[in-house]
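Reminder that position 213 of the sequence shown reads as 212 in numbering that gives the first Met the number 0, one-by-one numbering, no gaps. Right, one structure below, let's go through it.
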Amino acid sequence: MSLSGLGDSPAAQPPALFPAPEPGDPAPGTSASGTSRRRGGSTQPGPAQTEDAGRQLVFFGAEAAEPAVADLAGLLAGPGEVVRMGGTARLSVQVDAAWRVHVLVAELASRGLSASWEPTEGERHAVRTSYTRVLKPLAAAWLHGQAKRPPATFHLTGRRLRLWLAAAGTPEPPGGFLLRLGPDDAECWEPIGVALAAAGLAGTLVSPGEGGPAYRITGRRRLGRLAELVGGAPPAAPADTWPTPP
């Protein structure tokens, strides 16, 4: 898998911290071209209201619908940012590992969005799309002035969770998983926690002073549900970085 790199230069190479997967090695539930095989309907669910309702969201996991631009709300639930320019918008996110770059560039490409990346301070990488009208509705839903806020109808699906996890999900031994949040998005944390709970993934908010901000997901049942919703690990993900069914 090649990345467009800095300024889409032909000479740019992907980050060397982790090798790119072989082009012929598709992710679970996808074809060799990177497009998902449809399994079930593509209708998006509304927020579940109970633990049992949350369990039903397994049927709307990451492999149950075709990729859609609306899925990128999962990146905004985490540390992703969106900015507007005229009638266009651009989405960006900083990640802490090169394998995440490979996964996110592929996920964006599957939604018809070209992306570039560049190294930033602290051995991190910034992944960003080009400015495009395609992202204008997402920006309109999430931006209040310059501030990021989840819309009142925000809910989490398997594909949104998969993108969030790919960008900012971290295993926490011996038995937990952290879904990291935007450090400057304090007003988003509570409604995002509500969306997690509605998906059957009620988590504990970890404050910045305790190693967050993030939501900590614990418990065999919740971790199993997370694994079912996000689907199999991407080929680029190192071992033990992705939740697995119990």
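No residue lacks a Cβ here, since even glycine has one placed at the ideal position from N, Cα and C. Quick caveat: nothing in here was measured; it's all calculated off a predicted structure.
Residue i versus the options, residue with shortest Cα-Cα distance
| i | options | result |
| --- | --- | --- |
| A194 | D183, L178, L103 | L178 |
| L222 | G174, A167, A96 | G174 |
| T87 | G79, D70, G208, K135 | K135 |
| P190 | A165, W141, R220 | W141 |
| W163 | P244, R89, V94, D239 | V94 |
| G230 | P78, P172, L75, R158 | R158 |
| G79 | H143, R110, A196, V126 | V126 |
| A76 | F153, R110, A196 | F153 |
| G168 | A196, A96, H143, L71 | A96 |
Inter-residue CB distance, residue i and residue j (contact presumed, cutoff 8 Å)
| i | j | result |
| --- | --- | --- |
| L160 | V133 | The Cβ separation is near 22 Å, so there is no contact. |
| L137 | V68 | 7 Å |
| C187 | P150 | Incorrect: roughly 11 Å between the Cβ atoms, too far for contact. |
| E106 | A165 | 7 Å |
Spatial neighbours of residue i in its chain, beta-carbon cut-off 7 Å, leaving aside the 5 residues before and after
| i | result |
| --- | --- |
| W98 | F17, A235, A236, P237 |
| E171 | L177, R215 |
| G192 | G202, L204, Y214 |
| Q145 | none |
| T217 | G174, G175 |
| T240 | P170 |
| P247 | Only positions 0 to 245 of the chain appear in the structure, and residue 247 is not among them; the question remains open. |
| T119 | Q93, A125 |
Neighbourhood of residue i by C-beta distance below 6 Å, restricted to the same chain and skipping five residues each side
| i | result |
| --- | --- |
| S32 | Confidence in S32 is poor, its pLDDT being 36 and thus under 50, which makes the residue's placement too unreliable to answer from. |
| L155 | A194, A198 |
| A108 | none |
| L74 | V92, L162, A166 |
| A139 | none |
| R219 | P245 |
| R110 | P66, V68 |
| A72 | R159 |
| R123 | Q93, D95 |
Residues near residue i by beta carbon distance below 8 Å, same chain, minus five either side
| i | result |
| --- | --- |
| S206 | P212 |
| P244 | G223, A226, E227 |
| K147 | L75, E80, V81, W141, G181, D184, C187 |
Exercise. Enumerate, from N- to C-terminal direction, the unbroken alpha helix (DSSP H) stretches of 4 or more residues contained entirely within the stretch 100-152.
Key: Unbroken alpha helix (DSSP H) runs of no fewer than 4 residues, entirely contained in the stretch 100-152, are found at 135-141, following chain order.
Quiz item: Using 8 Å as the threshold, is the stretch 72-89 in touch with the stretch 123-130, meaning 3 or more CB pairs across them?
Solution: Segments in contact, yes.
Self-check item: the stretch 202-213 in contact with the stretch 179-189 per 3-pair CB rule at 8 Å
Solution: Touching, yes.
Exercise. Check whether the stretch 217-237 touches the stretch 101-108, counting contact only when three or more Cβ pairs, one atom from each stretch, lie closer than 8 Å.
Key: Judged by Cβ distances under 8 Å, the stretch 217-237 makes contact with the stretch 101-108, as three or more pairs qualify.
Quiz prompt | Minimum length 3: unbroken beta strand (DSSP E) runs contained in the stretch 199-231 | solution = As far as the stretch 199-231 is concerned, its whole beta strand (DSSP E) runs of at least 3 residues are 203-205, 213-217.
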